[in-house]
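Colleague:
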Ligand SMILES: Nc1ncnc2c1ncn2[C@@H]1O[C@H](COP(=O)(O)OP(=O)(O)OP(=O)(O)O)[C@@H](O)[C@H]1O
Ligand SMILES: [Mg+2]
């Protein structure tokens, strides 16, 4: 049975060109807004619902944390009920930066860091401790990349052989290959 908690209820939105629009948006479902350009999709979703969700979220932070957040004024709407934390994901090309994660691209990470910095043990002067991209905060083993490249010596070297006998097993670095290359370049 559906309850009103299953809907985000927007009452009298009048942001930009919206004319006191009231509607119920089902939660936990994929909902698409379509309409001609200028009909007010962005005004409803970004300038009204998302702005209000951000405003409500920021209100839950401490005064100190709030000084780092944007100051959002209340959007032009009478009320929005049953809002939860909202995330806007713009369509954009993913960079191939090794340090990009779903968290950083969606900016969820910013809020996670804030959360951990609040519930974590206070460490004065160590505000970077919650950043995996800052030298002071990153994991010292993987430098914040979450993975580490190292040589598997048993695959790379046959310890029983001399270099001339083919101790280096990497296909590009075998003694024979190196010898052939250098002799070719000499000729
Ligand atoms: N910041 C703003 N200030 C004043 N008017 C605005 C603002 N943003 C949008 N509008 C106006 O509100 C109306 C709705 O625009 P909106 O961007 O919400 O439409 P849309 O449906 O998202 O269009 P599109 O499909 O082009 O993205 C338009 O007339 C637009 O000019
Ligand atoms: Mg738009």
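Residue numbers (the numbering used here): 38 to 224. Beta carbons: idealized from backbone N, C-alpha and C, even for Gly. Keep in mind the model is a prediction, meaning the values are calculated, not measured.
What are the boundary residues of the alpha helix (DSSP H) that includes residue 191?
Modeller: Residues 190–193.
Colleague: Give me the residue from 109, 177, 115, 184 with the minimum Cα distance to residue 138.
Modeller: Comparing Cα-Cα distances from residue 138 to each of 109, 177, 115, 184, the minimum goes to 184.
Colleague: How many angstroms separate the CA atom of residue 182 from the CA atom of residue 51?
Modeller: Taking the straight line joining both Cα atoms gives about 46 Å.
Colleague: Does the contact criterion of 3 or more C-beta pairs under 8 Å hold for the segment 93–103 versus the segment 147–161?
Modeller: The answer is yes - the segment 147–161 touches the segment 93–103, with three or more Cβ pairs under 8 Å.
Colleague: Could you pull out every unbroken alpha helix (DSSP H) segment of at least 4 residues lying fully inside the segment 120–149, listed in chain order?
Modeller: 139–143, all fully within the segment 120–149.
Colleague: Measure the alpha-carbon distance for residue 118 versus residue 47 and round it to whole angstroms.
Modeller: One C-alpha to the other measures close to 7 Å.
Colleague: Which same chain residues, not among the five before or five after residue 44, have their C-beta less than 7 Å away from its C-beta?
Modeller: Contacts found: 61, 62, 63, 64, 119.
Colleague: Can you give me the Cβ contacts of residue 59 inside the same chain, cut-off strictly under 7 Å, excluding the 5 residues immediately before and after it?
Modeller: Same-chain partners within the cutoff: 47, 48, 49.
Colleague: Using the rule of at least 16 other Cβ atoms within 10 Å of the residue's Cβ for burial, across every protein chain shown, is residue 76 buried or exposed?
Modeller: Label assigned to residue 76: exposed.
Colleague: Should residue 90 be labelled buried (16 or more other beta-carbon atoms within 10 Å of its own) or exposed?
Modeller: The residue is buried, with at least 16 neighbouring Cβ atoms inside 10 Å.
Colleague: Using the Cα positions of residue 144 and residue 57, report the straight-line distance between them to the nearest angstrom.
Modeller: Cα to Cα, residue 144 sits roughly 31 Å from residue 57.
Colleague: Going by other Cβ atoms of all chains shown within 10 Å of its Cβ, with 16 needed for buried, is residue 112 buried or exposed?
Modeller: It is buried - the Cβ of residue 112 has at least 16 other Cβ atoms within 10 Å.
Colleague: Compute every distance between the C-beta of residue 59 and the non-hydrogen atoms of ligand 2, then say whether any falls below 7 Å.
Modeller: Flag unset: Cβ of residue 59 not near ligand 2.
Colleague: Cα separation between residue 205 and residue 194?
Modeller: About 5 Å.
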